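In this note's numbering, the protein residues as written are 2 to 618.
Single-structure report; data block below.
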Amino acid sequence: MHYDPKLPLIVETDASFVGLGAVLSHKMSNGMERPIAFASRTLSKSEQNYSQIDKEATAIFWGINKFFQYCYGRKFVLRTDHKPLVTIFNPDKALPTLSAMRMLNYAIYLSGFNYTIEYRSTHENLNADYFSRFPEPTKIAEDETSIFQTKQIEYMPVTREQIRRETIKDEVLRKVCHELESSSSNETQTKYNMHDGCIFYGMRVVIPKSLQQTVLNELHDAHLGMTKMKAMARSYCFWNGIDADIEMTVKKCRSCCLVQKEAAKVPVHSWEFPSFPFQRIHIDYAGPFMNTNFLLIVDAYSKWPEIFPTRNTDTKTTIRILRRTFARFGIPVTMVSDNGPQFRSNEMDTFTKQNGIRHKFTAPYHPASNGQAERYVQMLKKGLRCMADEPGDLDLKLDRLLIQYRKAPNSTTGQSPAELMFGRQIRTKLDLMKRDLTTEMNENSSNEPVSREFVSGDKVQIRSYRNLRVKWEFGTVFARCGLTHYDVEVDGRHRKCHVNQMRRTLCEGGDDIHADHSDSALEAAPSTSQPHPTIMSKSAETRPACVSTDSSVIDSTSPMRLPVGQSTPYRQSNTWQQSPQQQESETDQEPTLVQPDSADILRRSGRLRLPPNRLNL
2 MHYDPKLPLI VETDASFVGL GAVLSHKMSN GMERPIAFAS RTLSKSEQNY
52 SQIDKEATAI FWGINKFFQY CYGRKFVLRT DHKPLVTIFN PDKALPTLSA
102 MRMLNYAIYL SGFNYTIEYR STHENLNADY FSRFPEPTKI AEDETSIFQT
152 KQIEYMPVTR EQIRRETIKD EVLRKVCHEL ESSSSNETQT KYNMHDGCIF
202 YGMRVVIPKS LQQTVLNELH DAHLGMTKMK AMARSYCFWN GIDADIEMTV
252 KKCRSCCLVQ KEAAKVPVHS WEFPSFPFQR IHIDYAGPFM NTNFLLIVDA
302 YSKWPEIFPT RNTDTKTTIR ILRRTFARFG IPVTMVSDNG PQFRSNEMDT
352 FTKQNGIRHK FTAPYHPASN GQAERYVQML KKGLRCMADE PGDLDLKLDR
402 LLIQYRKAPN STTGQSPAEL MFGRQIRTKL DLMKRDLTTE MNENSSNEPV
452 SREFVSGDKV QIRSYRNLRV KWEFGTVFAR CGLTHYDVEV DGRHRKCHVN
502 QMRRTLCEGG DDIHADHSDS ALEAAPSTSQ PHPTIMSKSA ETRPACVSTD
552 SSVIDSTSPM RLPVGQSTPY RQSNTWQQSP QQQESETDQE PTLVQPDSAD
602 ILRRSGRLRL PPNRLNL
């Protein structure tokens, strides 16, 4: 049973011819005795020569000394099976005058305890008797004098006389000495020489095998290290393999190993880059900082940070924050953390297994393995320190810090965390300085299209694609063919035109419009003596207004439109075709709009374009 300071305490001792035994017990309320501890030891050679009364007294002295922490300062009962000791060590009686000095010393020691001594026969003192007869082997310490002498011999310096004596005893060096004395080997005499019974290798004495460890200890006395030990050895002593022995001595030295510098750092091993957002996250606690702890969650793919201020850092709080984050971004494949108790708990292990998360732990005291989270811990502390004097509470400053870091481009990815996480930039106050392209596009798309409708009889000018020198032709709207198509009568011919190829005009179509171009045509080639008869076919006369012929095919490419109501002064724009005298004569005239006749215009090859022959019925 365990020790109870409220229960009565009993110490029982006994001695045999081989050992000592002691038992510490409690006396229960029902009278039973329950042991607390047992102790035993063997007798030394000198103690085995004691008389039996001295052995029993030694057992009492040793037993009380063994249970000193339990006996000192409280009353206890001391029991022995040697009845004379009850009188000698009775605290209420004086010590006999003729007592031995050993008994006197034991009695003086026991006087410092509060006890009563009782006699118990050997048949009843079984526990202590058993342990005295089967004691635990005890290693007797060596005599202090012999220990001191041994150490002195170990640290005695190696002298030349000692080297000479050990050289004679060494089998290998004894052969070398014999070869040097007999001059039987030239190679040996070249390498070695002998002086005063010692062998020298150059200027260095050769150390025998038995003294090599002593010399190594002397060289390593101040723990100088391999390089300095080798330099010192090369000045004094030599034996085969001395460098290897020096290296091994330094490597085996525990004192040198305990003060060694840090191991060389290996090249940094980077984490594998994830394939998609929230595939791997890094988590860590920062703080206490500003009287608050912060749980940081960083996505390894997009570098998107989530920071949660919290008072507690226990597992329950950590799981609640993680569950809330996973509800927004999804459950990650891998989660990396340090070895904090909140991450190593059984509850966290169950949470990760239930959600299919692979939880990886970094090496203890090596925060670089979780560098993604550690970097954002530095960012958090630096940012909050910089904003310490700015207005606002901690939550406001934290939100400001997060929105800026989520929008700023990351140095590793070259893109902002928001772009990699959502595929777009998040909007901040800086976006107020940019053009609102969406609003402008909506406003432009919401503008009503320009209404351009014509009725029969409206005078229009249509785009001409058959004559490269004339951009517009003039005619009259004949009929409407659809939402955006009209039948236009031009010089008695019907043309189907798109509304994008038509403009309203006030100009009249006629021959005078082509006067300028007719003159240039006459100069290029003489006209025929008689005009060609114009024949109008019956099929053309009875043709429906909206039927398109080959001559009225419109190019699908729409030309650039001019503002509504603006006409082109063709005579003024064609002055490059006129002579200088004609240009001077026309400067005083008011420019007029003239439409050239298609029959008087030269073809691209230079031949005169003849009017079509139609049957005029």
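Backbone N, C-alpha and C define an ideal beta-carbon position, used for all residues, glycine too.
Keep in mind it's a predicted model, so treat the numbers as computed, not measured.
Segments assigned beta strand (DSSP E), at least 3 residues, entirely inside the stretch 246-328: Assignment of beta strand (DSSP E) within the stretch 246-328, counting only whole runs of 3 or more residues, yields 281-290, 293-300 and 306-311 in chain order.
Proximity to residue 80 [Cα-Cα], best of 106, 125, 423 and 486: Sequence index remark: in the sequence shown, residue 80 carries index 79 (1-based). Residue 80 has its Cα closest to that of 125, out of 106, 125, 423 and 486.
Within 8 Å, strictly: CB atoms of residue 361 and residue 335: In the sequence shown, counting from the first residue as 1, residue 361 sits at position 360. In the sequence shown, counting from the first residue as 1, residue 335 sits at position 334. Yes, Cβ-Cβ distance for residue 361 and residue 335 is below 8 Å.
Nearest-angstrom Cα separation, counted from residue 93 out to residue 19: For the purposes of this step, residue 19 is taken as residue 18 along the sequence shown, with counting starting at 1. For the purposes of this step, residue 93 is taken as residue 92 along the sequence shown, with counting starting at 1. So the alpha carbons of these two residues sit roughly 32 Å apart.
Residue 500 versus 494, 488, 16 and 493, residue with shortest Cα-Cα distance: Position 499 of the sequence shown holds residue 500. Out of 494, 488, 16 and 493, 488 has the C-alpha closest to the C-alpha of residue 500.
Cutoff 8 Å; reference residue 131; Cβ partners in own chain excluding five residues on either side: Within the sequence shown, residue 131 is the residue found at index 130, counting from 1. Excluding sequence positions up to five before and after residue 131, its CB lies within less than 8 Å of the CB of 22, all in the same chain and listed in chain order.
Residue 295 and residue 279 closer than 8 Å at C-beta: The count along the sequence shown starts at 1 and reaches residue 295 at position 294. The count along the sequence shown starts at 1 and reaches residue 279 at position 278. Cβ distance not < 8 Å, so residue 295 and residue 279 don't count as in contact.
Rounded C-alpha distance that separates residue 64 from residue 112: As a first step, residue 64 must be located in the sequence shown, where it is residue number 63. As a first step, residue 112 must be located in the sequence shown, where it is residue number 111. Each residue's Cα considered, the two are about 15 Å apart.
Distance CB(residue 460)-CB(residue 507) smaller than 8 Å: For the purposes of this step, residue 460 is taken as residue 459 along the sequence shown, with counting starting at 1. For the purposes of this step, residue 507 is taken as residue 506 along the sequence shown, with counting starting at 1. Against a cut-off of 8 Å, the Cβ pair of residue 507 and residue 460 comes out as a contact.
As assigned by DSSP and simplified to three states, the class of residue 36: As a working mapping, residue 36 is identified with position 35 in the sequence shown. In this structure, residue 36 counts as strand in the three-state DSSP scheme.
C-alpha gap between residue 180 and residue 170, whole angstroms: Your numbering for residue 180 matches position 179 in the sequence shown. Your numbering for residue 170 matches position 169 in the sequence shown. Straight-line Cα distance between these residues: approximately 16 Å.
Length at least 4, wholly inside the stretch 389-475: the alpha helix (DSSP H) runs in chain order: Runs of the alpha helix (DSSP H) inside the stretch 389-475: 395-408, 418-423 and 438-447.
Three-state class that DSSP yields for residue 346 in the structure shown: The residue given as residue 346 occupies position 345 in the sequence shown. Residue 346: coil per DSSP, three-state reduction.
For residue 387, the three-state DSSP class (helix, strand or coil): In the sequence shown, residue 387 corresponds to position 386, counting from 1. In the structure shown, residue 387 sits in a helix (DSSP, three-state: H, G or I).
Collapsed DSSP secondary structure at residue 126 in the structure displayed: As a working mapping, residue 126 is identified with position 125 in the sequence shown. For residue 126, the secondary structure class from DSSP, reduced to helix, strand or coil, is coil.
Test item: CB-CB of residue 474 and residue 456 under 8 Å: Numbered from its first residue, the sequence shown carries residue 474 at position 473. Numbered from its first residue, the sequence shown carries residue 456 at position 455. Annotated as distal: residue 474 and residue 456, with beta-carbon spacing of 8 Å or more.
Proximity of residue 340 and residue 365 at Cβ, strictly below 8 Å: Within the sequence shown, residue 340 is the residue found at index 339, counting from 1. Within the sequence shown, residue 365 is the residue found at index 364, counting from 1. Yes, they are a contact pair.
Three-state secondary structure assigned by DSSP to residue 550: Looking up residue 550 in the sequence shown gives position 549. Because residue 550 sits at a pLDDT of 36, beneath the cut-off of 50, its placement in the model cannot be relied upon, and the following sentence gives the value as read from the coordinates. Residue 550 falls in the coil class under three-state DSSP.
Rounded separation between residue 608 and residue 466 - CA only: For the purposes of this step, residue 608 is identified with residue 607 of the sequence shown, where counting begins at 1. For the purposes of this step, residue 466 is identified with residue 465 of the sequence shown, where counting begins at 1. In a straight line, the C-alpha of residue 608 is about 19 Å away from that of residue 466.
Helix, strand or coil at residue 55 [DSSP, three-state]: As a working mapping, residue 55 is identified with position 54 in the sequence shown. If DSSP states are grouped into helix, strand and coil, residue 55 belongs with the helices.
Simplified DSSP assignment, three categories, for residue 224: Taking the first residue of the sequence shown as position 1, residue 224 is located at position 223. Coil at residue 224, not helix or strand.
Buried/exposed call for residue 1, threshold 16 Cβ in 10 Å: What the structure shows of the chain is the stretch from 2 to 618, and residue 1 is not part of that stretch, so it cannot be assessed.
Environment of residue 207 [buried if 16+ CB atoms lie within 10 Å]: As a first step, residue 207 is located in the sequence shown; it is residue number 206 there, counting from the start. Buried, by the Cβ-count rule.
Environment of residue 41 [buried if 16+ CB atoms lie within 10 Å]: Taking the sequence shown and counting its residues from 1, the one referred to as residue 41 is at position 40. Buried, because 16 or more other Cβ atoms sit within 10 Å of the Cβ of residue 41.
Backbone CA spacing between residue 51 and residue 86 [nearest angstrom]: Reading the sequence shown from its first residue, position 50 is the one you call residue 51. Reading the sequence shown from its first residue, position 85 is the one you call residue 86. Cα to Cα, residue 51 sits roughly 15 Å from residue 86.
Sequence-distant residues of its chain with Cβ nearer than 8 Å to residue 29 (five each side left out): Mapped onto the sequence shown, residue 29 falls at position 28. Once the five neighbours on either side are set aside, the close Cβ partners of residue 29 are 8 and 35.
Rounded C-alpha distance that separates residue 95 from residue 128: In the sequence shown, the residue the question calls residue 95 occupies position 94. In the sequence shown, the residue the question calls residue 128 occupies position 127. Approximately 30 Å, taken between the alpha carbons.
Inter-residue spacing [alpha-carbon to alpha-carbon] between residue 354 and residue 286: By 1-based counting over the sequence shown, the position of residue 354 is 353. By 1-based counting over the sequence shown, the position of residue 286 is 285. Going by C-alpha positions, residue 354 is about 22 Å away from residue 286.
DSSP state of residue 172 mapped onto helix, strand, coil: Here residue 172 refers to the residue found at position 171 when the sequence shown is read from its first residue. Reduced to three states, the DSSP call for residue 172 is helix.
Span separating the alpha-carbon of residue 16 from that of residue 137: For this step, residue 16 is matched to residue 15 along the sequence shown. For this step, residue 137 is matched to residue 136 along the sequence shown. Rounded to whole angstroms, the separation of the alpha carbons of residue 137 and residue 16 is 13 Å.
Reference residue 204, options 239, 462 and 68, closest by Cα: For the purposes of this step, residue 204 is taken as residue 203 along the sequence shown, with counting starting at 1. It is 239 whose Cα lies nearest to the Cα of residue 204.
Rounded straight-line distance, which links the Cα of residue 61 to that of residue 108: On the sequence shown, residue 108 is found 107 positions in, with the first residue counted as 1. On the sequence shown, residue 61 is found 60 positions in, with the first residue counted as 1. Here the alpha carbons of residue 61 and residue 108 stand approximately 10 Å from one another.
Candidates 398, 160, 212 and 227, of which the one nearest residue 197 by Cα: Here residue 197 corresponds to residue number 196 of the sequence shown, with the count starting at 1. When 398, 160, 212 and 227 are compared, the shortest CA-CA separation from residue 197 is found for 160.
Proximity winner among 14, 505, 420 and 408, relative to residue 429 (alpha-carbon distances): To locate residue 429, count along the sequence shown from 1; it is residue 428. With distances taken between Cα atoms, residue 429 lies closest to 408.
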